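Have a look at the structure below, then the notes.
Protein chains: 2
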Amino acid sequence: MRIAELRATPIAVKDPPLRSAFGLHAPFALRTIVEVVTDDGVVGLGETYGGDAPQRAFEAVRPLVVGRDPYELTPLRVALEAGDRTPGRADRGAAATRSSTPARARGLPERGSEGAWAWEARTFGPTQLFGAVEVACLDAIGKSTGRRVCDLLGGAVRERIDFAAYLFFKQPREGDGWGEVLTPEAVVAEARTMRDRYGYRSLKLKGGVLEPDREADAILCLREEFGPDVPLRLDPNAAWSVETAQRIAARLAGALEYLEDPVPGIDGMSAVAATAPMPLATNMCVTAFAHLPEAIAKRAVAIVLTDHHMWGGMRATVELGRICRVFGLGVSMHSNSHLGISLAAMTHVAAAVPELTYACDTHYPWQVEDVIAGGKLAIRDGAVEVPCGPGLGVELDRDALGTLHEQYLRAGLVVRDDVAEMRKIEPDWRPHVGDW
Amino acid sequence: MRIAELRATPIAVKDPPLRSAFGLHAPFALRTIVEVVTDDGVVGLGETYGGDAPQRAFEAVRPLVVGRDPYELTPLRVALEAGDRTPGRADRGAAATRSSTPARARGLPERGSEGAWAWEARTFGPTQLFGAVEVACLDAIGKSTGRRVCDLLGGAVRERIDFAAYLFFKQPREGDGWGEVLTPEAVVAEARTMRDRYGYRSLKLKGGVLEPDREADAILCLREEFGPDVPLRLDPNAAWSVETAQRIAARLAGALEYLEDPVPGIDGMSAVAATAPMPLATNMCVTAFAHLPEAIAKRAVAIVLTDHHMWGGMRATVELGRICRVFGLGVSMHSNSHLGISLAAMTHVAAAVPELTYACDTHYPWQVEDVIAGGKLAIRDGAVEVPCGPGLGVELDRDALGTLHEQYLRAGLVVRDDVAEMRKIEPDWRPHVGDW
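So the protein sequences, as listed, match chains A and B.
Counting from 1186, one number per residue, gives the positions in the first sequence under the working numbering.
Counting from 1186, one number per residue, gives the positions in the second sequence under the working numbering.
In structure tokens form, the structure reads like this:
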């Protein structure tokens, strides 16, 4: 079995005006749909970050992928990480020189108050490129052998994956059905709707939007409304100062399952962790294997949010689970705006990682469009059943793919820029980075 | 695909009178040949530690294995590690209560000067049991899908696996062709024969047998004979004191690629590592994932010798490779006396672990018998080619298996006891444990 074709189709999907410390979601979220087509006609699917940076990377990596046996994944990873310059292979410039250690992971503000916030451009290095190709190859292997992807990863330790409701502050938008959510009371109403629709048993609030004490108020309102049996999390995306984080953490003693990335950087997290009464989690100061030793040595976090898109694929996520167990860290799962292929992959990998005992994050209900056939995957009782397979267990709706690709071309967005979007409604807006 | 049958056949294979800090190899080494037979008739092979402790463990685990999909490996591991008591499943007593942290790993003398040294009985816990079943299941999966086991682990980053000559001090035995090896000069002669026959480009000397300075002399003689392009290693199996190890390490500056387990325990190794001019390696103070955090924090070792039999299988070995890379540790590979199924498995897993850049250990040439069809696997130019597969790429010679099983029954050995064997020739012999 050889890979005959690698396709990476950029798409744009409608996205509600969600707020975060980074600004405001644009009307469209960008994704890339990956297809690995084998010489015997099997199509393996993947989904990853969108925009033009991934496009360039996929273009450059094609010679390294086409002709390859889809089982030959570790050699592909090693070649990508080394910046393979074998003649006829991927161009180093596009495929390999982007840092796999994004600024955010090093605790630096990755977006200035002036500049664009370019998640995809900054994070799409060889590790992420490999991860995207790996998922599509594992899907192809699963489809060709009649097995689920989770089985290829060692087998499912659970068949239903718990997800947390992902609560956002948001701007109003005509007809989106959610209205404006910029108060604690509105967050509670949003949570109630999320629970009614999807049965979520955990709630995560994306913070870094209101003044920190107002966000703490929101958590306490959620606690009051849903009681102690509904675990709560708050994620200010590193907007707070250490002092603020320590104060708010003390205020929220007993109310949070974990506090995610209150401040930037491993040292800052370590300082907060020393006094916080709840565990700290991260998807910002530890986003690559290379960040683990320092974070562990400095006891900066108790829980790592994995993300197969970011960490370099599904096997890497299994390996991360093992590392976290060895070093006494918990494992949860991060999400970006995504569609059903990513949700299926997240579900398969979560099934295969014993250590992933926290409910996972997912933006999925915020996206009304999708590229998978048969409609969106169901979230019931707050959980997604691992698709039966083979492979990821989802198929592409080519009409939908075409429509969303057209939408990408029409939208004219090639990079995510939440700051620019926010400034359309507040021209002087600037993000907080560890200074709130 | 379901597992219809699990067979674990105890065998005894002729073994030369090799010496180590633990005593003397008995005339037979004990192994267990594992067969997983699927309901569609595929036979997956594995090989692991021998004697009656593994026998009892396989007996007890059968209900947990038979009826299982061979892809469902992580769930099996989790069940074994948790000491599964599900009715009809493995008996906790035999399968799960043995510690996966052997005394040796905690730096304790695991054999008293009086007692038997019972490697298999003490180390065959749930982790090792899982590893043995996992290899056989991966072989079955490979055979059923027409793929090599290394491909199931992520793909081969190398197609030839370098091994080091495993040099031993030894007692003479009529007709074994090696004679007595109890001097530096005899070690050089043994090394010359090993190199002539197998083309080894690295040499490892099992020490802990002669007075420490005599073993250092042996290393210097090897250096003199083969020059600086042939990496040398010395493994006294924790027989030395910290003081001796520091002194000998200084004497051997520039002569050793690494010094393996000069002293017992993480603290002892850490003290030696602080002054030794060469990296320290271990297969004794770090033999399980749980030992890594302390060893890393105390900078006890620079290189971990993995062993899929010990560490819980092939995927665990891949994960260990990742952990070692993340924390800046090198990876080599340990060996016990073994046959061709183990060598094939060692070769496949070595192919799939990018971090395994040191030549691996193998006792293979010391065993003249085998259970694989078609004769022993070839070591040429010091390397073994990854078998073509499918699966591990080796098949069972059932006549040989029967013969070696008969030999097991006749030999009357059920546990490895190098001390007792040594006392047959030196009644007052006692092992050195950190006191030489």
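Note that beta-carbon positions come from the ideal geometry of N, C-alpha and C, so glycine has one too.
Fair warning: this is a prediction, and the values are worked out from it, not measured in the lab.
* Asked: Cα separation between M1607/A and R1377/A?
  -> Taking the first residue of the first sequence as 1, we reach residue 1607/A at position 422. Taking the first residue of the first sequence as 1, we reach residue 1377/A at position 192. About 27 Å.
* To do: Starting from E1504/A, find everything on chain B with Cβ-Cβ shorter than 7 Å and list it in chain order.
  => Position 319 of the first sequence, counted from the start, is the residue given in the question as residue 1504/A. E1504, R1507, listed in chain order.
* Asked: For a contact meaning CB atoms closer than 7 Å, what does T1330/B contact in chain A?
  -> Here residue 1330/B corresponds to residue number 145 of the second sequence, with the count starting at 1. Within 7 Å Cβ-Cβ: T1330.
* To do: Along the alpha helix (DSSP H) that carries L1594/B, what are the first and last residues, could you check?
  => In the second sequence, the residue the question calls residue 1594/B occupies position 409. 1583–1596 is the extent of the alpha helix (DSSP H) around L1594/B.
* **Cβ distance (whole Å) where A1321/B is taken to contact G1229/B below 8 Å** => Taking the second sequence and counting its residues from 1, the one referred to as residue 1321/B is at position 136. Taking the second sequence and counting its residues from 1, the one referred to as residue 1229/B is at position 44. About 4 Å separates the two Cβ atoms, so the contact holds.
* To do: Step through the CB atoms of chain B and report whether any lies within less than 8 Å of the CB of Y1256/A.
  => In the first sequence, the residue the question calls residue 1256/A occupies position 71. So, interface residue.
* **Within-8 Å CB hit, F1354/A to chain B** => Within the first sequence, numbered from 1, the residue matching residue 1354/A stands at position 169. Taking a beta-carbon distance threshold of 8 Å, F1354/A does not count as an interface residue toward chain B.
* On the three-state DSSP scale, how would you describe R1204/B? -> The count along the second sequence starts at 1 and reaches residue 1204/B at position 19. Correct three-state label for R1204/B: strand.
* Are E1232/B and S1522/B close, meaning C-beta to C-beta below 8 Å? -> Position 47 of the second sequence holds residue 1232/B. Position 337 of the second sequence holds residue 1522/B. No, the Cβ-Cβ distance between E1232/B and S1522/B is not below 8 Å.
* Asked: Which residue comes first and which comes last in the beta strand (DSSP E) that contains I1326/B?
  -> Your numbering for residue 1326/B matches position 141 in the second sequence. Taken as a continuous stretch (DSSP letters only), I1326/B belongs to no beta strand (DSSP E), being part of the alpha helix (DSSP H) at 1311–1330.
* Asked: By the 10 Å Cβ neighbour count, where 16 or more other Cβ atoms means buried, how is G1331/A classified, buried or exposed?
  -> Working through the first sequence from its first residue, we reach residue 1331/A at position 146. Label assigned to G1331/A: exposed.
* To do: Taking 8 Å as the cut-off, decide whether the C-beta atoms of T1429/A and W1621/A are in contact.
  => Along the first sequence, read from residue 1 onward, the residue named residue 1429/A stands at position 244. Along the first sequence, read from residue 1 onward, the residue named residue 1621/A stands at position 436. Note that the C-beta distance between T1429/A and W1621/A is below 8 Å.
* Asked: How many angstroms separate the CA atom of V1569/A from the CA atom of L1388/A?
  -> Indexing the first sequence from 1 puts residue 1569/A at position 384. Indexing the first sequence from 1 puts residue 1388/A at position 203. Roughly 16 Å separates the two Cα atoms.
* Can you give the beta carbon distance from D1237/B to V1599/B, rounded, assuming they're within the 8 Å contact cut? -> Taking the second sequence and counting its residues from 1, the one referred to as residue 1237/B is at position 52. Taking the second sequence and counting its residues from 1, the one referred to as residue 1599/B is at position 414. D1237/B to V1599/B, Cβ: 4 Å. Contact.
* Going along the chain, which residues of its own chain have a beta-carbon closer than 7 Å to the beta-carbon of V1448/B, five neighbours each way excluded? -> Here residue 1448/B refers to the residue found at position 263 of the second sequence. Here the set comprises A1423, W1425, S1426, V1427, A1430, M1454, V1457, G1619.
* Asked: Roughly how many angstroms separate the alpha carbons of I1404/B and A1530/B, rounded to a whole number?
  -> Here residue 1404/B refers to the residue found at position 219 when the second sequence is read from its first residue. Here residue 1530/B refers to the residue found at position 345 when the second sequence is read from its first residue. Rounded to the nearest angstrom, the two C-alpha atoms are 30 Å apart.
* Let me know the secondary structure DSSP gives D1347/B once reduced to three states. => Locating residue 1347/B in the second sequence gives position 162, where the first residue counts as 1. Looking at D1347/B - three-state DSSP - the assignment turns out to be strand.
* Are there three or more Cβ pairs, one per stretch, closer than 8 Å when the segment 1503–1517 of chain B is compared with the segment 1484–1492 of chain B? -> yes
* To do: From the DSSP output, in three-state form, read off P1397/B for me.
  => Within the second sequence, numbered from 1, the residue matching residue 1397/B stands at position 212. Reduced to three states, the DSSP call for P1397/B is helix.
* Asked: With DSSP run on the structure shown, which of helix, strand or coil describes D1520/B?
  -> Locating residue 1520/B in the second sequence gives position 335, where the first residue counts as 1. It should be noted that the sequence gives Ser, not Asp, for residue 1520/B. S1520/B falls in the coil class under three-state DSSP.
* Within the segment 1470–1509 of chain B, note down every full beta strand (DSSP E) run reaching 3 residues or more, in order along the chain. => 1488–1491
* Asked: In three-state terms, what does DSSP make of G1453/A?
  -> The residue labelled residue 1453/A in the question sits at position 268 within the first sequence. Helix at G1453/A.
* Say whether chain A places a C-beta atom closer than 8 Å to the C-beta of V1511/B. => Numbered from its first residue, the second sequence carries residue 1511/B at position 326. With 8 Å as the cut-off, V1511/B counts as an interface residue toward chain A.
* How many angstroms separate the CA atom of G1268/A from the CA atom of R1192/A? -> Translated into positions along the first sequence, residue 1268/A becomes position 83. Translated into positions along the first sequence, residue 1192/A becomes position 7. C-alpha separation (whole angstroms): 21 Å.
* Roughly how many whole angstroms lie between the Cα atoms of L1255/B and L1337/A? -> Counting from 1 along the second sequence, the entry for residue 1255/B is found at position 70. Counting from 1 along the first sequence, the entry for residue 1337/A is found at position 152. The question names Leu, but residue 1255/B in the sequence shown is Pro. Distance between the alpha carbons of P1255/B and L1337/A: 11 Å.
* Count the other CB atoms, across all protein chains shown, that sit within 10 Å of the CB of A1535/B; report buried if there are 16 or more and exposed otherwise. => One-based indexing of the second sequence puts residue 1535/B at position 350. So A1535/B ends up on the buried side.
* V1263/B versus chain A: which residues are under 7 Å apart at the beta carbon? -> Here residue 1263/B refers to the residue found at position 78 when the second sequence is read from its first residue. Going along chain A in sequence order, the residues near V1263/B (Cβ under 7 Å) are V1342, P1539.
* Asked: For R1253/A, which three-state DSSP category applies?
  -> Mapped onto the first sequence, residue 1253/A falls at position 68. Residue state, collapsed to three classes: coil.
* To do: Check the C-beta distance from D1324/A over to G1576/A and give it rounded, since I have them as a contact under 8 Å.
  => Residue numbering aside, residue 1324/A sits at position 139 when the first sequence is read from its first letter. Residue numbering aside, residue 1576/A sits at position 391 when the first sequence is read from its first letter. Contact flag correct, Cβ pair sits at about 4 Å.
* What residues from chain B crowd round P1478/A, counting only those whose CB sits closer than 9 Å? -> Sequence index remark: in the first sequence, residue 1478/A carries index 293 (1-based). Those are I1481, V1511, F1512, G1513, listed as they occur along chain B.
* Considering A1341/B, what are the terminal residues of the beta strand (DSSP E) in which it resides? -> Along the second sequence, one-based indexing puts residue 1341/B at 156. A1341/B -> no beta strand (DSSP E), and no H or E assigned at all.
* Asked: Do the CB positions of I1196/B and I1218/B come within less than 8 Å of each other?
  -> Within the second sequence, residue 1196/B is the residue found at index 11, counting from 1. Within the second sequence, residue 1218/B is the residue found at index 33, counting from 1. Closer than 8 Å, so yes.
* What's the gap between the Cα of R1382/B and the Cα of W1496/A? -> Mapped onto the second sequence, residue 1382/B falls at position 197. Mapped onto the first sequence, residue 1496/A falls at position 311. Each residue's alpha carbon lies about 45 Å from the other.
* Between the C-alpha atoms of P1369/A and F1309/A, what's the straight-line distance to the nearest angstrom? -> Sequence index remark: in the first sequence, residue 1369/A carries index 184 (1-based). Sequence index remark: in the first sequence, residue 1309/A carries index 124 (1-based). When rounded, the distance between both Cα atoms is 35 Å.
* Asked: Going along chain E in order, which residues have a C-beta closer than 8 Å to the C-beta of P1260/B?
  -> Although the question refers to chain E, the structure presented lacks it and instead comprises the protein chains A and B.
* Neighbouring residues, chain B, relative to A1475/A (Cβ below 9 Å) -> Taking the first residue of the first sequence as 1, we reach residue 1475/A at position 290. Those are V1511, listed as they occur along chain B.
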